[in-house]
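Encoded as structure tokens, the structure appears first; notes follow it.
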Amino acid sequence: MRNIDLMLEKCFFNGMSLIEARNFLSVKNYEKDAYDYDFFNKDLYPDDYFDKCQDGNTFFDSQIKDYNQLPKIGIITKNGRIYKTASLHLDLALWLKFNGVDLQGSLRYVYFPDTKHFSIVEGYGYFKEEDKKSIDEVAFKWNQLHEGELLDYNLILNEAQVITIFKLAKQFGLDFEKIMSYNEGFCMNQLANYDDEKKKIGRYNKFTIDDAFRRL
159 MRNIDLMLEK
169 CFFNGMSLIE
179 ARNFLSVKNY
189 EKDAYDYDFF
199 NKDLYPDDYF
209 DKCQDGNTFF
219 DSQIKDYNQL
229 PKIGIITKNG
239 RIYKTASLHL
249 DLALWLKFNG
259 VDLQGSLRYV
269 YFPDTKHFSI
279 VEGYGYFKEE
289 DKKSIDEVAF
299 KWNQLHEGEL
309 LDYNLILNEA
319 QVITIFKLAK
329 QFGLDFEKIM
339 SYNEGFCMNQ
349 LANYDDEKKK
359 IGRYNKFTID
369 DAFRRL
């Protein structure tokens, strides 16, 4: 394990967040530049990343208020908050996890303007997992679990996420129902669901969407 990883791991064992840890450590600039992740880049990940002043920049509480522009790539957590992806979904998810953000049930999305396609898959950390103090170990486990599979993960929505996806669809001029249909993970196409579990998930998501729309 690299020296910088060992130092960070010790900080995490002492209860520090990643923001606290990187400011506590004495790391040379060449070490920061050679590091696999951009966590020492304060233009991407400022110290006030989670503060209210960053609302509309690093994160978007789109279930609460409207914004002039929403990010084309991001992570949607269970509370409906969008975290803007500036580099890779994996890097962002690691940054969030090691700063104490709950990623269970989160969704990753990408909007492709050229094709008007809006892709949604399960987020890193979607499933409950054993807590780890090593960034590399978590990244390795997540890649094993979430990559190289079909985009059909039996995704379960909650109302906050439905409202967020609806507002993203509206922002990009897309049909919300079509997004729900062609993203197979939501199991909304009952005719294509031959598995009882998928049918159950599809019905659950439909009820959740209906309830969320009543709130809208």
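Last residue of the sequence shown: 374 (my numbering), numbering continuous. Where is the CB? At the ideal position from N, CA and C, for every residue including glycine.
Sheet register partners of residue i (DSSP bridge)
| i | result |
| --- | --- |
| Asp224 | According to DSSP, which records beta bridges pairwise, Asp224 is partnered with nothing at all. |
| Glu305 | Its beta-bridge partners do not exist; DSSP assigns none. |
| Gly403 | As shown, the chain starts at 159 and ends at 374. That puts residue 403 outside it, with no answer to give. |
| Val279 | Arg266 |
| Asp213 | Phe217 |
Whole-number beta carbon distance between residue j and residue i, since they are thought to touch under 8 Å
| i | j | result |
| --- | --- | --- |
| Gly232 | Tyr241 | 6 Å |
| Ile278 | Gly331 | Actually they are not in contact, since the Cβ atoms of Ile278 and Gly331 sit about 17 Å apart, beyond 8 Å. |
| Asn257 | Leu176 | 5 Å |
| Gln212 | Asp206 | 6 Å |
Proximity below 8 Å, CB of residue i to CB of residue j
| i | j | result |
| --- | --- | --- |
| Tyr193 | Ile162 | yes |
| Ser245 | Asp201 | no |
| Ala297 | Leu248 | yes |
| Phe218 | Leu228 | yes |
| Trp253 | Tyr311 | no |
| Lys186 | Phe198 | no |
| Phe371 | Ala327 | no |
Closest by C-alpha distance to residue i, when choosing among the options
| i | options | result |
| --- | --- | --- |
| Ile367 | Lys358, His247 and Phe324 | Phe324 |
| Arg373 | Ala327, Gln319, Leu313 and Phe182 | Gln319 |
| Ser184 | Arg160, Met165 and Asp191 | Met165 |
| Glu280 | Thr273, Leu254, Leu315 and Asp289 | Leu315 |
| Asp369 | Lys168, Gln212, Gly214 and Ile321 | Ile321 |
| Tyr269 | Asn199, Thr243 and Gln348 | Thr243 |
| Lys364 | Lys328, Leu313 and Glu167 | Leu313 |
| Arg266 | Lys236, Lys274 and Asp272 | Lys236 |
| Glu288 | Thr273, Pro271, Lys255 and Glu317 | Lys255 |
Inset, instruction - Evaluate the contact criterion for the region 259–272 versus the region 280–289: three or more CB pairs, one atom per stretch, below 8 Å. - result: yes
Inset, instruction - Take every Cβ of the region 345–363, pair it with every Cβ of the region 292–306, and state whether three or more of those distances are shorter than 8 Å. - result: no
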